[in-house]
Amino acid sequence: MYKSLSGLLLPLLFTPWYVGVGAVEPVLASGTDPVDTGAVSKLHVVVTGAENSRGKIVLALFDNEDDFTKKPYREQIIDADNAGSGAIFSRLADGDYAVVIFHDENANELLDRNFLGVPEEGVAFSNNLQVKFSLPGFDDAKVSVRGDTAISIKLHYL
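Just add 84 to the spot in the sequence shown (first one is 1) and you have the numbering used here.
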């Protein structure tokens, strides 16, 4: 299990969220069956800007403000050498979603940080938002998913 994405910046900590390693299909955090909801949309997330092809790329999909950066709706892990192919979150209901990504270069299941708490591995948010003095909010990071939707998100190394 992925231990955390917590501690993006020392004063602005994410609450840890967990990811099942090696998941082929996205996992529904809520435990609901998307087939029963009539969900037919897909979100294809292409990851760019990886500094190397080592380790894993962890993608977390959020569907509301309250859970943003705390409890993902769905999660996926891909090999960093396949980052350009991206990941597909399928069987989604039409709506707004936000994506948070980190590059687990050494595959230790943690977002490695320096002594100040600044990430030593790449991080990214949908809409290519960058962390400056505070973390982006859900409203800034959300993307509208209706039918088949594709986005590209660039990793940033601080």
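Just so you know, even glycine gets a beta-carbon here, dropped at the ideal spot from N, CA and C.
Inter-residue spacing [alpha-carbon to alpha-carbon] between residue i and residue j
| i | j | result |
| --- | --- | --- |
| residue 229 | residue 176 | 8 Å |
| residue 206 | residue 132 | 11 Å |
| residue 140 | residue 198 | 19 Å |
| residue 200 | residue 129 | 30 Å |
| residue 166 | residue 137 | 8 Å |
| residue 203 | residue 178 | 33 Å |
| residue 220 | residue 147 | 15 Å |
| residue 215 | residue 157 | 22 Å |
| residue 242 | residue 190 | 17 Å |
Beta-carbon proximity of residue i to residue j, cut-off 8 Å
| i | j | result |
| --- | --- | --- |
| residue 173 | residue 222 | no |
| residue 126 | residue 232 | yes |
| residue 225 | residue 239 | no |
| residue 144 | residue 184 | yes |
| residue 142 | residue 186 | yes |
| residue 210 | residue 182 | yes |
Where residue i falls, given that 16 or more other Cβ within 10 Å makes a residue buried
| i | result |
| --- | --- |
| residue 150 | exposed |
| residue 170 | buried |
| residue 217 | exposed |
| residue 164 | buried |
Three-state secondary structure (DSSP) of residue i
| i | result |
| --- | --- |
| residue 210 | helix |
| residue 178 | coil |
| residue 173 | strand |
Start-end ranges of the beta strand (DSSP E) lying completely within the region 115-164, minimum 3 residues:
Listed in chain order, the complete beta strand (DSSP E) runs (minimum 3 residues) inside the region 115-164 are 125-132, 140-146, 158-163.
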